[in-house]
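In what follows, a structure is listed as structure tokens, so that the remarks can point back to it.
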Amino acid sequence: MYITKPVTSEELIVWNEIIAKCPYSEALHTYEWHNALKYSFKQMKPLYLTVKDDYGNIVSVMPCFIFQPIPMIKSLSSVPWTLPGGILIISEVDVQALIKSVCQKIDEIADQNRLMEITITLPVNFDEKIVNEFISNGFINQENRFTHILDLDKGYDFVWNAYNKRVRGAVRKAEKTGVIVRETEDEKDMIVFYKMYIEMMRRFGSTPKPYSLLRYLQISPIARLVVAELNGNIIAGLLFLHFNRYVRLWCETSDTNFLSYRPNN
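In terms of the numbering used here, the sequence shown is residues 301 to 565.
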């Protein structure tokens, strides 16, 4: 038997330590990520659920958000923008009983908050049994999305040699020309990066993420901003998230005048 409850204040303090026990947890499941979204989007309220066994041990967790874009309209989402979220299983469990407990708590939360929709995206490397159990508890498997995964276990040389010759040649040319790559927490660099990012999103007709979110993440322990620079000018940048065994390339942009250097590569 399992009991699903909101996290206690003591458990929230060590939230990252708890989720680190799950081999497929990543930055999107951390306290810092949820706090960053709470800080940048006033319509989002983080909700942290724990699942405990009969002995009081935490065997699973489910971080999520209650989203209220306008008054009287609320929904629950594991992670916005269809990023991997969902439930994290920490130890051996009865998946059927576990998901039943989670769904019962979600139904209770839905009634209390009058939620109009519940959307759960699952993490990378999830167990297919989880999908089946959510479906058996009334959820609809609406769509499947994918992401590109690069295995880093074989080391730098393997990744480098996997690039085609033109990309490798462009990167070598950039290095000879004087392009350097550096990490930065300086807000001046973020401002330059964000202006470049806004211009890219304008060209693509996409909605940009707010500056406050990117800046919050830049100086957090779960993200790094890396920029490519030529003659003192930033020509590209990449804000990536990292936690546990996963690095997520989350937000990148380039100056269109220097694309021949493959600065993001």
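A virtual CB, placed ideally from N, CA and C, is assigned to each residue, including glycine. Since the structure is predicted, the reported quantities are computational estimates derived from the model, not experimental observations.
Is it right to say residue i is buried, meaning 16 or more other beta carbons lie within 10 angstroms of its own, or is it exposed?
i, result
"Leu388", "buried"
"His448", "exposed"
"Ala336", "buried"
"Pro510", "exposed"
"Glu408", "exposed"
"Asp489", "buried"
"Gly386", "buried"
"Ser377", "buried"
"Val379", "buried"
"Thr350", "buried"
When the cut-off is 9 Å and only beta carbons count, does residue i lie next to chain C?
i, result
"Glu326", "The structure shown contains no chain C; it holds only a single protein chain."
Tell me whether the beta-carbon of residue i lies closer than 9 Å to the beta-carbon of residue j.
i, j, result
"Leu514", "Phe493", "yes"
"Val467", "Arg545", "no"
"Ser401", "Thr304", "yes"
"Val547", "Val481", "no"
"Ala410", "Met301", "no"
"Glu475", "Gln518", "no"
"Pro363", "Pro346", "yes"
Start and end of the beta strand (DSSP E) containing residue i?
i, result
"Thr419", "Glu417 to Thr419"
"Val547", "Tyr546 to Ser554"
"Leu525", "Ala523 to Leu530"
"Lys429", "Here Lys429 belongs to no beta strand (DSSP E); instead the alpha helix (DSSP H) covers Glu428 to Ser436."
"Asn533", "Asn533 to Phe543"
"Lys305", "Ile303 to Pro306"
Less than 7 Å between C-beta atoms, sequence neighbours within five positions excluded: which residues of the same chain meet that for residue i?
i, result
"Arg445", "Thr382"
"Gln343", "Phe367, Gln368 and Pro369"
"Asn564", "Ala536, Leu538, Glu552 and Ser554"
"Val395", "Asp427, Lys429, Ile430 and Glu433"
"Asp354", "Met301"
Near residue i, which residues of its chain fall below 8 Å by C-beta distance, leaving aside the five closest residues on each side in sequence?
i, result
"Asp384", "In the sequence on display, residue 384 carries Pro and not Asp. Hits under 8 Å: Glu326, Leu328, Thr421, Leu422, Pro423, Val424 and Thr447."
"Ser520", "Glu332 and Ala336"
"Trp460", "Arg468"
Please return the same chain residues whose Cβ sits closer than 6 Å to the Cβ of residue i, not counting the five positions on each side in sequence.
i, result
"Ile498", "Pro508"
Got a sec, what are the start and stop residues for the alpha helix (DSSP H) residue i sits in?
i, result
"Arg414", "Counting along the chain, Arg414 falls outside any alpha helix (DSSP H), and DSSP gives it neither H nor E."
Quiz item: Going along the chain, which unbroken runs of the beta strand (DSSP E) with 3 or more residues stay wholly within the stretch 330-385?
Solution: Qualifying beta strand (DSSP E) stretches, in chain order: 344-352, 358-370 and 373-377.
Quiz prompt | Uninterrupted alpha helix (DSSP H) stretches inside the stretch 439-506 (no shorter than 4 residues) | solution = Counting only runs of 4 or more, we get 456-462, 465-477 and 487-504.
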